[in-house]
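In the numbering used here, the protein residues as written are -4 to 520. Structure first, then comments.
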């Protein structure tokens, strides 16, 4: 059976109107009044072909964002040589990361106010406009600004795509589709450096941006004709722009702290401490404003309860662990196992690819099992045990890669369970908001973990080495010292997965709407 095949009854695709009425009743009056209820249209049935087309177009849309995360890295040396500017080269990456992280909750909330179609068009338009400006940029400052614009669009793609899926697929079936999107990120992460290197070496570095145009055109051509049939769950209300600006400003300052701390400025320098104070002040001001606003940009009660805090933390810990290891492991492979740069990149595939398998297992389990979060609890616990093995054992390369794959398999089970649980815990008109918040906190956690793992490594090595110059000193560090230092990195990853497992245990498991669980599975429970 095709993996996109599904039952085509409207009850399986969307909750019945009674379910919508129940969801509306769960909304606070400040968010949705009775008068707003007619703005939510009854769900319209979608055929298998329509769902398949929507999913494929959304996967292609997300592939744009996934590819752009990695395709630029291998072309950076060529870009630096052309513009004769190496000192600012890291900002080509940083500008995109700052912008995409800051706007994730903005697009999620706006999709709940203005609709998914409007926001997917806006995000893709910003992404394409930024890509064109990057391709024709005459200087490094212009390229950095264009990357920031591209990041505004790229940061909106992920939460809006995940929200659209929630509109067309029932919660019980949704985990399988989240696994498909995890595979998109895996493919983008593997192909990105290869394509970027080929374009930079044999064509021109600008091709890494021009390639986004035909991909975006194909995604829009597939998606827009079907958008009118997607059930409408958003409702228009006043936009709390001040709250949104405060949230984005605090995120940008915090990301700059993680970017500059230990590289441009020492961690305890007055500049970094002042930026930390500024980020905290902006965050406190945002909370103060959100508590007093009639219609806050990000309703704080949405982040409370027995689901959201644990789901957000578990998802952030899992993504932080895999991101931090992905950044640091090439150094370990090159120093301890004497792999080349390209071989070290290939050695990362078990970590990225097998995590997708874990997500697929969790997604299929969610569609069949009553107690769906158990697979993620088992997976994160297994990953923590594998992390202990990495921490306390010395292995040959094949053994390390095998254990790393086992670690990734357990870690991957976290993603679909967290996303679906969070979306299932709120009313339909708030799904975009909670999805944007999830992506926002996961991005912050990933950035924090990358900086933390680097700091742990340097402290363990006892070396005063700028973070950006790790690979320049590989030969100067004995393999045994590097192996010993990485035990602390693996230990930190183990702690993150242990925290994820505890959060999943504490998270409330609410019933998922969708096709009934089969009696055989219930008996097996």
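The beta carbon of each residue, even a glycine, is placed where N, CA and C say it ideally should be.
At a Cβ-Cβ threshold of 9 Å, residue 182 and residue 58 count as neighbours.
Contact check for residue 204 and residue 129: beta-carbon distance about 4 Å, within the 8 Å limit, so the pair qualifies. Judged by DSSP in its simplified three-state form, residue 260 adopts strand. The DSSP-derived three-state label of residue 84 is coil. Using a Cβ-Cβ distance cut-off of 8 Å, the segment 403 to 413 and the segment 305 to 313 are in contact, since at least three pairs of beta carbons, one from each stretch, lie closer than that value. Only residues of its own chain outside the window of five on either side were considered, and among them 70, 73 and 74 have a CB closer than 6 Å to the CB of residue 200, listed in chain order. For the alpha helix (DSSP H) assignment, the uninterrupted runs of no fewer than 4 residues enclosed by the segment 251 to 319 are, from N- to C-terminal side, 265 to 287.
Annotation: the segment 341 to 393 contains the following complete segments of the alpha helix (DSSP H) (minimum length 4 residues), in chain order: 344 to 363 and 369 to 387. With respect to the 9 Å criterion, residue 93 and residue 124 are not classified as neighbours on the basis of their beta carbons.
A direct Cα-Cα distance of roughly 10 Å separates residue 110 from residue 222.
Note that the C-beta distance between residue 171 and residue 362 is below 9 Å.
Judged by DSSP secondary structure, residue 123 falls within the alpha helix (DSSP H) whose first and last residues are 111 to 130. Residue 325 is not a Cβ neighbour of residue 347, given a cutoff of 9 Å.
In terms of CA proximity to residue 150, 100 leads the group 422, 100 and 54.
Straight across, the Cα-Cα distance linking residue 295 with residue 437 is about 17 Å. Listed in chain order, the non-local C-beta contacts of residue 334 below 6 Å within the same chain comprise 328, local neighbours out to five positions each way being set aside.
Considering only 449, 284 and 500, the residue with the shortest C-alpha distance to residue 257 is 449. At the C-beta level, residue 482 and residue 397 stay beyond 9 Å of one another. Using a 10 angstroms sphere on the CB of residue 454, the tally of other CB atoms stays under 16, which defines it as exposed. Going by DSSP, residue 491 is part of the alpha helix (DSSP H) stretching over 474 to 501. Only residues of its own chain outside the window of five on either side were considered, and among them 351 have a CB closer than 7 Å to the CB of residue 178, listed in chain order.
Taking each of 197, 441 and 164 in turn and checking the Cα distance to residue 323, the smallest one comes out for 441.
In the structure shown, residue 235 adopts coil according to DSSP, grouped into three states. Of the other Cβ atoms in all chains shown, fewer than 16 fall within 10 Å of the Cβ of residue 133; this residue is therefore exposed. Residue environment analysis places residue 293 among the buried positions, since at least 16 neighbouring C-beta atoms fall within 10 angstroms of its C-beta.
Under the 10 Å beta carbon count, residue 289 is surrounded by fewer than 16 other beta carbons and is classified as exposed.
Assigned with DSSP and collapsed to three states, residue 105 falls in helix. Boundaries of the alpha helix (DSSP H) harbouring residue 178: 166 to 197, taken from the DSSP string. Counting only the Cα atoms, residue 195 lies some 47 Å from residue 232. Per the C-alpha coordinates, the member of 357, 242, 485 and 267 positioned closest to residue 281 is 242. In the displayed model, residue 220 falls within a helix according to three-state DSSP. With 16 or more other Cβ atoms from the protein chains shown falling within 10 Å of its own Cβ, residue 215 counts as buried.
Assignment of residue 422 by DSSP, reduced to helix, strand and coil, places it in the coil class. Under the DSSP assignment, residue 72 falls in the alpha helix (DSSP H) whose first and last residues are 71 to 78.
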